[in-house]
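Numbering (this note's numbering), first residue to last: 70 to 371.
Ideal placement from N, C-alpha and C gives every residue a C-beta, glycine not left out.
Here it is in structure tokens:
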């Protein structure tokens with residue numbers, strides 16, 4: 070019968086064969102099938118024990134389930150089921166090596182992404198154009214120092230010409246990268262005295278909040294990211310230094326190009342110091358910490 074359950078047995082000897090249809094030993098006392106690490110109830114097709122490795126979570130572990138987590142060990146009732154190795158869906162998921170479930174659709178997408186990457190004609194000289202290669206969703210941007218790896222995000226569907234245009238044309242704000250051989254760019258940042266970052270800013274220090282927000286999400290207001298917002302326009306920095314209390318600091322720093330990331334720059338601002346004047350924020354995102362920036366305190370006289 071299915072799963073090795075015995076309907077009746079016929080033998081030429083008086084001894085009962087412990088190894089049945091599934092090749093595993095039947096425990097006569099419990100009528101459970103022993104698989105070496107746990108027991109299976111053939112009548113219900115359920116494991117009576119959890120996978121002994123289900124709670125294994127070493128510090129250096131690189132294998133994870135689709136949701137990024139381990140399966141919870143004995144605290145996850147789903148581990149008692151026969152098909153828990155494929156999230157109860159062996160049609161949609163596969164487990165080729167017993168370690169990690171693979172989502173068939175996602176796997177096909179990965180293969181297509183690799184195909185798109187290999188077939189893309191964009192190959193630029195590392196010394197003249199910065200050195201970068203095109204992937205399906207993101208590119209790895211390396212400066213001439215091969216030990217440095219930087220990342221910049223692009224939308225799927227952008228072609229090589231569009232990406233090359235963005236890089237050679239600069240970060241889309243002020244042409245700061247176009248025909249500019251300097252390794253650093255002068256940027257400004259305004260911090261109001263009501264901001265939690267004000268104390269550090271008065272010392273010339275800036276740190277990102279940390280998190281997984283993308284460049285676009287950061288630009289639209291979710292600052293839980295590895296970036297901080299700067300600008301090429303000192304008027305914009307002045308605006309943010311004054312808004313909303315009328316008092317703050319303007320930071321000025323010459324920042325390495327390798328720390329810069331293109332901002333979608335989708336927002337405009339009505340300058341507090343010049344009401345009615347609306348201009349682009351001219352935002353540039355800077356990765357990581359900045360220290361010892363030049364600090365200038367400003368305020369609006371009332």
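Pop quiz: residue 273 and residue 360 are said to be a contact at Cβ under 8 Å. What is the actual Cβ separation, rounded to whole angstroms? 7 Å
Pick from 98, 353 and 278: whose alpha carbon is nearest that of residue 306? 353
Residue 329, buried or exposed, once every other Cβ within 10 Å from all chains shown has been counted against 16: buried
For residue 136, which residues from the same chain have a beta carbon less than 8 Å from its beta carbon, with the 5 sequence-adjacent residues on both sides left out? In this prediction, residue 136 scores a pLDDT of 44, lower than 50, which makes its location untrustworthy; the coordinate-derived value is nonetheless stated afterwards. Excluding sequence neighbours, residue 136 sits near nothing in its chain.
Tell me residue 254's beta-bridge partners as DSSP assigns them. 324
Quick one: what does DSSP say residue 303 is sitting in, helix, strand or coil? helix
Residue burial classification, residue 347 (beta-carbon count within 10 angstroms, cutoff 16): exposed
Based on the DSSP secondary-structure assignment, which residues constitute the bridge partners of residue 352? 300
Look up residue 259 in the DSSP assignment and give the residues it is bridged to. 319
Per-residue DSSP class, three states only, for residue 286: helix
Under three-state DSSP, which class holds residue 311? helix
Would DSSP call residue 338 helix, strand or coil? strand
Figure out for me which residue from 323, 97 and 92 has the closest Cα to the Cα of residue 255. 323
What residues match up with residue 365 in a beta bridge as DSSP calls it? 319
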